[in-house]
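Trainee: These protein sequences, in sequence, are chains A and B.
Read in order, the letters of the first sequence are residues 1 to 286 in UniProt numbering.
Read in order, the letters of the second sequence are residues 1 to 311 in UniProt numbering.
Think of the CB as a built atom: it goes at the ideal place given N, C-alpha and C, for glycine as much as any other residue.
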Amino acid sequence: MARKFNIALSSRLSPFQKFYLLIIAGFILGPFIPLIIQSFAFRWAWPDLLPGTWWLEQRDRAMVPLAWDYVLSPYSRVWEATVNTVLIGSIVTVICLAICLPAARVLAREKFRGKSAFEFFLSLPLIVPEAAIGIALLMMFIRLGLAGSYVGIIIAHLIPTIPYMVRMLTAVYQGLGRDFEEQAMILGASRWQVLRLVTLPMLLPGVVAGALFTFLVSTNIFLLTFFLGQGQIVTLPTLLFSKIAGGTLDASAAGITLIVTLPGIILLIISERFIKEEAFGKGFGN
Amino acid sequence: MSVSSSIASRSGAQERMTARERRTRFWQMVQLVPIMAILVLLFGGALVLAILQSLGFAPWFGVNTFPDFSYFGALWGSSTFWVSLGLTLYYATVSTVIALILGILLALALVKTFPSKTFYKYLYKLPLMIPYTVGIALAVLMLSNGGMLSRLAAFFGLIDDPAQFPQILKTHYGWGIIAVYVWKQTPFITLAVYAVLLGIGRETEEAAAILGANRRTIFFRVTLPQILPGVVSSTLICFAFNVGAFEAPFILGGGFPDTLPVVAWRYFNDADYTLQLQGMATVVSIGLVAGVILFGYLAAYRRYERRMGRN
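#1: Quickly, what does DSSP pair residue 288/A with across the bridge? List them, please.
#2: Return helix, strand or coil for W46/A, following the three-state DSSP convention.
#3: Take residue 318/B and list the residues in its own chain whose beta-carbon comes closer than 6 Å to its own, dropping the five residues that flank it on each side.
#4: I need the DSSP call for V63/B, collapsed to helix, strand or coil.
#5: Using a Cβ-Cβ cut-off of 8 Å, state whether R12/A counts as contacting chain B.
#6: Three-state secondary structure (DSSP) at A81/A?
#7: Kindly list the residues whose CB is nearer than 7 Å to the CB of S11/A, restricted to its own chain and excluding five residues on each side of it in sequence; keep chain order.
#8: Measure the alpha-carbon distance for V260/A versus T170/A and round it to whole angstroms.
#9: DSSP beta-bridge partners for T53/A?
#10: T199/A and C96/A look like a contact to me (Cβ under 8 Å); what is the Cβ gap, rounded to whole Å?
#11: Cβ atoms of Y90/B and E272/A: under 8 Å apart, would you say?
#12: Between which residues of its own chain and L223/A is the CB-CB distance below 8 Å, once the five residues before and five after are set aside?
#13: Give me the Cβ distance between T88/B and T259/B, rounded to the nearest whole Å; I'm assuming they're in contact under 8 Å.
#14: Of the residues that make up the region 18 to 41 of chain A, which ones have a beta carbon closer than 9 Å to any beta carbon in chain B?
#15: Can a CB atom of chain B be found closer than 8 Å to the CB of N286/A?
#16: Mind pulling the chain A residues with CB within less than 7 Å of V292/B?
#17: Pick from T171/B, V140/B, T93/B: whose alpha carbon is nearest that of F32/A?
#18: Which residues of chain B have a Cβ atom closer than 9 Å to the Cβ of I162/A, listed in chain order?
#19: I believe W46/A touches G52/A by the beta-carbon criterion, under 8 Å. Please report the beta-carbon distance rounded to the nearest angstrom.
#20: At a CB-CB cut-off below 8 Å, which residues of chain B make contact with N220/A?
#21: Does G283/A get closer than 8 Å to chain B when you measure Cβ to Cβ?
#22: Quick one: Cα of P74/A to Cα of L240/A, how far?
#23: So what's A58/B in DSSP terms, helix, strand or just coil?
#24: Grab me the residues of F188/B's own chain with a C-beta within less than 7 Å of its C-beta, minus the 5 sequence neighbours each way, in chain order.
#25: Can you tell me where the alpha helix (DSSP H) with K115/A in it begins and where it stops?
#26: Using the Cα positions of F61/B and Y273/B, report the straight-line distance between them to the nearest angstrom.
#27: In three-state terms, what does DSSP make of A109/B?
#28: Using beta carbons (cut-off 8 Å, strictly below), is I178/B in contact with chain A?
#29: Just verifying my parser: in three-state terms, what is the DSSP assignment at L288/B?
#30: Roughly how far, in whole angstroms, is the beta-carbon of G247/A from the beta-carbon of L169/B, given that I think they are within contact range, below 8 Å?
#31: State buried or exposed for F295/B, treating a residue as buried only when at least 16 other CB atoms are found within 10 Å of its CB.
#32: Keeping to the same chain, check which residues put their C-beta closer than 8 Å to that of K282/A; ignore five residues upstream and five downstream.
#33: Given a cut-off of 8 Å, decide if T223/B and Y124/B are closer than it, judged by their beta-carbon atoms.
#34: Among the candidates Q53/B, F119/B, L49/B, W183/B, whose CA atom is the shortest distance from the CA of L275/B?
#35: L288/B: which of V83/B, Q28/B, L47/B, R266/B sits nearest, CA to CA?
#36: Mind pulling the alpha helix (DSSP H) runs of 4 or more residues that sit fully within the region 106 to 190 of chain B?
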């Protein structure tokens, strides 16, 4: 009995859990090892576990562009795609923040009729299939002349980013409480002073988290960019798609895959400090 | 000061209060307008246009037979549509269920204390941070007949020709597609469940253990009911995404008959632009199917919550 009790309560990992964590690490990280190798391979015939000829051995007499030379050259459009991705992501984040901050404040603090219906409406973009939104929006944007333009893509990116942003900012406002602002007002601060000296500094960590996450979602969007960009605007996900659409992965495609992974890794390292698991704990439309 | 005048001034103050209240209420609504406007215009506009077009309203192509149900009729009348629908739902469901099981197991491990915990808290979020196309590239590299798993099988002497490796990609079993979804969505579900686990703490589990419950009972009777909100919201999002996803089935799928989003995209890019109306009927069908399933799921969950006496 005592032994069973200990097992049930233990805060240590069971042997199965240790094994499971190793499997998960292999499942997530494992595929990146051959990916890195592939990007440096020159010839990699089938049963070999390592390339028969490495890129460096063939540097001087290569007829075709070698993987990293090609990836880093303007022909691959990697630089253009990176600039587009960052640009679109930043503008989307700023607009999203501007729209969601006031709404989140009201949602966190006020009660009004139809509030739960409104909250459900706000999370609707997450549960309507993206393909349906994408194609229907494309028809609308072709009529409006927005298809294949930055404006069109930025507007479309607002749809999947708004629900996350509103949710995260609402959580921030709920945690903030009203007391500090009221105290500042009682002490004679003006509305502007309250906003600048009290609200904003206290909101900042949460706002940074929301902004980072929105940027992340925007840079990962493939379908809306692909459908609405009409091939005229490449971002990192759509560039990679065009490289692997044939179902094969050569050395240059492996290089581009690694480049596309980089922003995510950078964001992961930055955001771990800001994005807290707790912000996602809220259920749906309850 | 007479009594009547004091009453009059008090009611005046009350009126001023309600006027101020009305003003703040008005300002609150104003703050909600931008978000509302964007979603209604984009969402509502797209929805109305899609439905109108799928019912034969497209004057810009010289087609206007509204209301005309022949596009839905032609679509729902063909057997390939139902095969496509079945494939779409099969990929979406299987990958969501696998990701859910893996995600819960991972979240339960992450609440424990262990030396490499910080490392794992970074690691498990990695797939969340990168596009699906990266996952697809990794699937091509690992799972294709000339890929790494096939090479490993040859290394251990299990096969001696790439053709002997079981075909995983480009079949209608869709294990390549499912692998990509699972790889990308297990972290998402883990995140949601882990967040709830952190929120509820361990007291209830401890109480159950003291009362003599074993680990299985604790999980199914104590932990699972408490993490259910996180489970439901994250699986809803994953399932809806999988139903509407395009890139993985397009690259890793088995070809004709394709999943519904790919079918819609093909109709839409056909040289015969009147097929766009058929494509719109497909799009509306995707929305309808997803809507019905998700609504049913939510309704079942609500009923469960009510039975548990939570709402």
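Mentor: According to the data block:
#1: There is no way to answer for residue 288/A, as the model of chain A reaches only from 1 to 286.
#2: Coil, per DSSP.
#3: Residue 318/B lies beyond the range of chain B shown here (1 to 311); nothing can be said about it.
#4: strand
#5: It does: the Cβ of R12/A has a partner Cβ on chain B nearer than 8 Å.
#6: Residue state for A81/A is assigned as helix, using DSSP reduced to three classes.
#7: none
#8: Looking at the two C-alpha atoms, the distance is approximately 31 Å.
#9: R43/A
#10: 19 Å between Cβ atoms; not a contact.
#11: Not closer than 8 Å, so no.
#12: E130, A131, G134
#13: 4 Å
#14: K18, Y20, L21, I24, A25, F27, I28, L29, G30, P31, F32, I33, P34, L35, Q38
#15: Note that N286/A scores a pLDDT of 33, beneath 50, so its modelled location is shaky and nothing firm can be said.
#16: Near V292/B there are no residues of chain A at all, since even the closest Cβ is about 12 Å away, more than 7 Å.
#17: Ranked by Cα distance from F32/A, the options T171/B, V140/B, T93/B are led by V140/B.
#18: I35, I38, L39
#19: Contact doesn't hold; Cβ gap of about 10 Å is too wide.
#20: M129, I130, P131, Y132
#21: Reliability fails at G283/A, whose pLDDT of 41 lies under 50, so the model's placement of it is uncertain and the value that follows must be treated cautiously. For G283/A, the answer is yes, since a Cβ of chain B falls inside 8 Å of its Cβ.
#22: Rounded to whole angstroms, P74/A and L240/A show a C-alpha spacing of 15 Å.
#23: strand
#24: L128, S234, C238
#25: 115 to 127
#26: 8 Å
#27: helix
#28: No, no contact with chain A.
#29: helix
#30: 7 Å
#31: exposed
#32: Annotation note: pLDDT 46 at K282/A (below 50); position unreliable, no value reported.
#33: no
#34: Nearest to L275/B by C-alpha distance, out of Q53/B, F119/B, L49/B, W183/B, is Q53/B.
#35: L47/B
#36: 117 to 123, 126 to 129, 132 to 143, 148 to 155
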